[in-house]
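S.K.: Following this message is one structure expressed as structure tokens.
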Amino acid sequence: MKTFATLILALMVSNSFGQTTYDKTVTTQFVNLYKKLPKHIRNEIDQIGNDSSREEGLAIFTEFKCDTLNKVEHKAHLPEIILIDPKTDKPYKSGTKKGKYPTLFCYGTLRNDSLVIQISGLFPDQVIMHFVRQKELSILYFEYYKNDYILKGNINDSLTNSLSVPVKISRFVLSDPAYKAGDIIYGSGDIITNSYFQKDSRSDNHFYKLRWHLKYYFKCKIVKSNK
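Residue numbers are given in the numbering used here: position 131 of the sequence shown equals residue 132, and the series is strictly consecutive.
Laid out in structure tokens, this is it:
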């Protein structure tokens, strides 16, 4: 996984900037969505929330879509993105029916005058990083594979096992501008990543041109960084 300093450098050369909107109603929106989760998932999250030593928050996705932009070129080799319901061990159905919202962990950290919100667990080592300073906002999508060099930012780049991808920010909302360490904060986001390339595991000459569209609501406890 990349270091925090490396991610900051990646943000400096990206165009993933926007503004934060503050709206207390995002708290109610999160709660209403949370009630639609399967009971066994809510029970697990409630157990985390009742343990003061645990710092995990929760992100709930209402849009979780990976587009393959070169479908015609690679019709025979399209990747299949499958989300598995841990209760039934069967794939989630498409759409946003009750109880079919993917959930991930969310962490909030206060570093000097910046709030860092990390949503992780899309797949192994995929992360959305948010850097908030008052109304200023930067977001990056990050993908990492320990031993697999399968990623490219551009088709002529060398293969890498880690990639920071700029995003287009359609919306980002926090519940309260007066946040501090120890607070619970709620929020929502709507982002579309830039396109990037992933090598087809079946062929060294095939690359998928991918783009993620992600909409989500989150809740996390803000902890103060010691670094």
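Built from N, CA and C at the ideal position, the CB exists for glycine as well.
With Trp213 and Cys107 assumed to form a contact (beta carbons below 8 Å), what rounded beta-carbon distance in angstroms separates them?
M.R.: Between Cys107 and Trp213 the Cβ distance is about 17 Å, and since that is not below 8 Å, they are no contact.
S.K.: With a floor of 3 residues, list each beta strand (DSSP E) that falls wholly inside the stretch 121-146, ordered by position along the chain.
M.R.: Entirely contained in the stretch 121-146, the beta strand (DSSP E) runs reaching 3 residues are, in chain order, 127-134 and 137-145.
S.K.: Could you tell me which residues DSSP pairs with Arg112 in its beta bridges?
M.R.: Bridge partners of Arg112: Ser115.
S.K.: Please work out which residues of its chain come closer than 6 Å, Cβ to Cβ, to Leu111, disregarding the five sequence neighbours upstream and downstream, and give them in chain order.
M.R.: Around Leu111: Ala182, Ile223 and Lys225.
S.K.: Under 7 Å Cβ to Cβ from Thr21, same chain only, skipping five residues before and after it: list those, please.
M.R.: Here the set comprises Val133, Lys136, Leu138, Phe173 and Leu175.
S.K.: Is the beta carbon of Val168 closer than 7 Å to that of Ile140?
M.R.: Yes, they are a contact pair.
S.K.: Going by DSSP, what residue range makes up the beta strand (DSSP E) through Leu211?
M.R.: Where Leu211 is concerned, the enclosing beta strand (DSSP E) stretches over Phe208 to Lys225.
S.K.: Can you have a look at Thr230 and say buried or exposed, based on whether 16 or more other CB atoms are within 10 angstroms of its CB?
M.R.: Within the shown structure, residues of the chain are numbered from 2 to 228, placing residue 230 beyond reach of any answer.
S.K.: Starting from Thr26 and walking both ways along the alpha helix (DSSP H), at which residues does that stretch end?
M.R.: Thr26 -> alpha helix (DSSP H) spans Thr26 to Tyr35.
S.K.: So, helix, strand or coil for Arg172, using DSSP?
M.R.: Here Arg172 sits in strand by DSSP.
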